Amino acid sequence: MTTAANGRVLIDADACPRSALEIARALCEEKGWRCVTFASYHHQLHGEDHVVVDAGPQAVDMKLANEAGAGDIVVTQDIGLAALVLGKRSRAVTPHGSVFDAERIAFQLEERNEKARFRRGGGRTRGPSARTQEDDQRFADALRLLMEEGGRG
Numbered sequence: 016m017t018t019a020a021n022g023r024v025l026i027d028a029d030a031c032p033r034s035a036l037e038i039a040r041a042l043c044e045e046k047g048w049r050c051v052t053f054a055s056y057h058h059q060l061h062g063e064d065h066v067v068v069d070a071g072p073q074a075v076d077m078k079l080a081n082e083a084g085a086g087d088i089v090v091t092q093d094i095g096l097a098a099l100v101l102g103k104r105s106r107a108v109t110p111h112g113s114v115f116d117a118e119r120i121a122f123q124l125e126e127r128n129e130k131a132r133f134r135r136g137g138g139r140t141r142g143p144s145a146r147t148q149e150d151d152q153r154f155a156d157a158l159r160l161l162m163e164e165g166g167r168g
């Protein structure tokens, strides 16, 4: 599935911060990787490789998961999507620079499930903190490392 000389970075762009998107595009250009963004038609993103999908629930995640293959790097905040692409021998990283790995993904899925159950019962959990320059640097460092590894774990 990898089509560029060095690989592809596939971005779940519906919820990707603009700074992380710009970092990914710049690194792809620098390293000769193909950068492909996926978003619903509600998001106004432009670029050479942009895939527009229906606005249905999980439509972007399903399209991206179907497109991902061995050696691809997927940028997403979605733990479920990360689990799907890890199963296809892709790598996954959050826009905050946390790399998903096969050893921890089951725990992360369970933790997500427990938090959702807590919220359904009336509990409140913290939302994401404001994005910082340190987040941008962590993301750039993590993505660069994954690219140097060729997307292989």
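Under our numbering, the first residue of the sequence shown is numbered 16, with each subsequent residue one higher. Each residue gets a CB set at the ideal place from its N, CA and C atoms; glycine is no exception. Just so you know, these numbers come straight off a predicted model, no measurement behind them.
Touch test, the region 107–117 against the region 73–80, Cβ-Cβ under 8 Å, three pairs minimum: No, because fewer than three Cβ pairs between the region 107–117 and the region 73–80 fall closer than 8 Å, the two stretches do not touch.
First and last residue of the uninterrupted beta strand (DSSP E) at D27: Locating residue 27 in the sequence shown gives position 12, counting from the first residue. First-last of the beta strand (DSSP E) with D27: R23 to D27.
Per DSSP, the bridge partner or partners of A107: To locate residue 107, count along the sequence shown from 1; it is residue 92. For A107, which the question treats as bridged, DSSP gives the partners V89 and F115.
Three-way DSSP call (helix, strand, coil) for C43 in this model: Taking the first residue of the sequence shown as position 1, residue 43 is located at position 28. Correct three-state label for C43: helix.
Counted within 10 angstroms of its Cβ, other Cβ atoms place K78 as buried (16 or more) or exposed: Numbered from 1 along the sequence shown, position 63 holds the residue referred to as residue 78. It counts as buried.
Under the three-state DSSP convention, the category R159 falls into: Residue numbering aside, residue 159 sits at position 144 when the sequence shown is read from its first letter. Residue state, collapsed to three classes: helix.
Nearest candidate by alpha-carbon position, reference E82, set D150, Q148 and D27: On the sequence shown, residue 82 is found 67 positions in, with the first residue counted as 1. With distances taken between Cα atoms, E82 lies closest to D27.
Whole-angstrom C-beta distance between G84 and S48, which should lie under 8 Å: Within the sequence shown, residue 48 is the residue found at index 33, counting from 1. Within the sequence shown, residue 84 is the residue found at index 69, counting from 1. What sits at residue 48 in the sequence shown is Trp, not Ser. So it is not a contact: roughly 14 Å between Cβ atoms.
Start-to-end residues for the alpha helix (DSSP H) that takes in A98: Your numbering for residue 98 matches position 83 in the sequence shown. Unbroken alpha helix (DSSP H) run through A98: I94 to L101.
Neighbour-count burial assignment, G86, 16 or more Cβ in a 10 Å radius: For this step, residue 86 is matched to residue 71 along the sequence shown. Taking every protein chain shown into account, the CB of G86 has 16 or more other CB atoms within 10 angstroms, so this residue is buried.
Outcome for P143 when other beta-carbon atoms lying within 10 angstroms are tallied against a minimum of 16: Taking the sequence shown and counting its residues from 1, the one referred to as residue 143 is at position 128. It counts as exposed.
Environment of F154 [buried if 16+ CB atoms lie within 10 Å]: Position 139 of the sequence shown, counting from 1, holds the residue named residue 154. So F154 ends up on the buried side.
Residues bridged to A83 [DSSP beta-bridge criterion]: To locate residue 83, count along the sequence shown from 1; it is residue 68. Paired residues: none, contrary to the question.
Contact set for V24: own chain, Cβ-Cβ below 6 Å, skip 5 residues either direction: Here residue 24 corresponds to residue number 9 of the sequence shown, with the count starting at 1. Excluding sequence neighbours, V24 sits near A39, C43, W48, C50 and I88.
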